[in-house]
Amino acid sequence: MLKKAVIFTSLLALLFAVWTDRASDYIPTAVSKFFIQSSQSPATEVLLTAQELQLYNGKDRPQLYLSILGEVFDVTKGAKHYGPGSQYNFFVGKDASRNFITGKFNDKDASDLVADLSHDDLLSLKKWKQFYRKEYTKVGKLIGTYYDENGQLTPQGKVVKNRMKAAKQKERDEDLQKRIFPPCNVEWSQESGTRVWCTELSGGISRDWIGVPRQLYEAGSKLYRCACISDKNKELGSIREYDGCEPTSTSCFIKT
Ligand code: HEM
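Residue numbers are given in the working numbering: position 203 of the sequence shown equals residue 223, and the series is strictly consecutive.
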């Protein structure tokens with residue numbers, strides 16, 4: 021009974037301590053550290069202002085930092101690319117996310133705004149961020165366009181995150197479309213005109229069936245592309261045979 025009461029009282033003290041953020045007053049440090057740190061963001065997260073980030077340029081501070089989409093990385097080990105006078109020194113001490121896409125490496129065009137970029141560009145940018153996460157150490161976050169002074173995503177940050185999610189989803193949908201309806205091979209010659217044909221590898225999609233060339237129409241559109249259609253998938257899309265081509269032929273000449 022006494023044992024139960026001790027456990028109950030300790031639990032109450034712990035809850036109270038975590039709630040009041042004054043664990044050290046009530047319970048041993050190691051215990052409070054575990055409970056309190058696990059309920060807060062990691063202590064090592066650094067938040068930098070643009071002015072602070074600017075200093076990490078290899079001169080004012082020995083380290084080289086850059087930011088991409090508000091995540092700050094220590095790129096000192098890549099000094100041959102980023103050091104003063106090097107090819108990509110432009111990216112140092114700032115967030116120039118947009119310039120990873122535009123390829124304009126001058127301060128006049130420096131910008132971290134990317135919400136208006138195309139899906140493909142956003143996916144390229146995502147790959148750059150993943151590159152830095154893999155190759156370099158993350159230092160923290162830049163307070164500005166993407167993160168606020170509490171390290172939380174800003175409304176603009178959320179817009180970009182959601183657009184990137186949409187871009188990724190579109191890429192997945194297109195990949196799936198390509199697997200179901202692989203593109204045809206196409207060739208043109210002056211004598212015979214355009215020929216489309218299917219193989220087990222056409223469209224770069226390796227498969228154990230060949231399929232027949234068909235016009236595959238985009239939903240609600242007059243636009244179509246040539247796709248290799250398997251017997252199994254022939255009911256799925258909006259498809260039309262090529263005029264003058266045998267329905268079972270794996271190769272068709274396009275009449276103009
Ligand atoms: C939008 C255009 C481009 C951007 C944003 C860009 C960016 C970068 C960055 C950030 C690095 C350093 C990567 C690291 O930390 O290891 C790099 C490396 C490099 N880039 Fe570019 N680059 C662009 C275009 C080009 C072009 C057009 C060429 C060639 C004509 C080129 C050639 C190189 C080479 C040779 C390296 C060094 C690779 C190595 O030694 O590991 N880049 N690029």
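Beta carbons: idealized from backbone N, C-alpha and C, even for Gly.
In this text, all values refer to a predicted model and were calculated from it rather than measured experimentally.
For residue i and residue j, which I take to be in contact (beta-carbon distance under 8 angstroms), what is that distance rounded to the nearest angstrom?
i, j, result
"residue 271", "residue 217", "4 angstroms"
"residue 184", "residue 146", "6 angstroms"
"residue 267", "residue 248", "Not quite, the Cβ-Cβ distance comes to about 14 angstroms (not below 8 angstroms), so this is no contact."
"residue 132", "residue 144", "Not quite, the Cβ-Cβ distance comes to about 15 angstroms (not below 8 angstroms), so this is no contact."
"residue 273", "residue 212", "6 angstroms"
"residue 201", "residue 236", "5 angstroms"
"residue 198", "residue 223", "6 angstroms"
Taking Cβ positions, are residue i and residue j nearer each other than 8 angstroms?
i, j, result
"residue 65", "residue 171", "yes"
"residue 129", "residue 122", "yes"
"residue 91", "residue 149", "yes"
"residue 68", "residue 163", "yes"
"residue 156", "residue 94", "yes"
"residue 110", "residue 120", "no"
Where do the ends of the beta strand (DSSP E) carrying residue i lie?
i, result
"residue 205", "205-209"
"residue 233", "232-237"
"residue 67", "66-68"
"residue 213", "213-217"
"residue 85", "85-88"
"residue 13", "Residue 13 lies beyond the stretch modelled for the chain, which goes from 21 to 276, so this question has no answer here."
"residue 222", "Element bounds for residue 222: n/a, residue is neither H nor E."
"residue 358", "There is simply no residue 358 to check, as the chain begins at 21 and stops at 276 in what is shown."
Can you tell me where the alpha helix (DSSP H) with residue i in it begins and where it stops?
i, result
"residue 12", "Here the chain comprises residues numbered 21 to 276, so residue 12 is not present and cannot be evaluated."
"residue 177", "175-200"
Apart from the five residues just before and just after residue i, which ones in its own chain have a Cβ nearer than 6 angstroms to its Cβ?
i, result
"residue 112", "77, 84, 86, 102"
"residue 246", "204, 216, 233"
"residue 269", "none"
"residue 265", "272"
Excluding the 5 residues flanking residue i on each side, which residues of the same chain have their C-beta closer than 8 angstroms to its C-beta?
i, result
"residue 180", "89, 134, 135, 142, 166"
"residue 214", "206, 207, 208, 273, 274, 276"
"residue 82", "96"
"residue 260", "234, 235, 237, 244"
"residue 99", "78, 84, 106"
"residue 263", "275"
"residue 255", "none"
Considering only residues of the same chain and omitting the five flanking positions on each side of residue i, which have a CB-CB separation below 7 angstroms?
i, result
"residue 153", "none"
"residue 225", "198, 199, 202"
"residue 187", "139, 142, 143"
"residue 219", "205, 230"
Answer yes or no: the CB of residue i versus the heavy atoms of the ligand ZN, is any distance below 7 angstroms?
i, result
"residue 123", "Among the ligands present in this structure, namely the ligand HEM, the ligand ZN is not found."
Exercise. Enumerate, from N- to C-terminal direction, the unbroken alpha helix (DSSP H) stretches of 4 or more residues contained entirely within the stretch 92-172.
Key: 99-102, 119-122, 139-155
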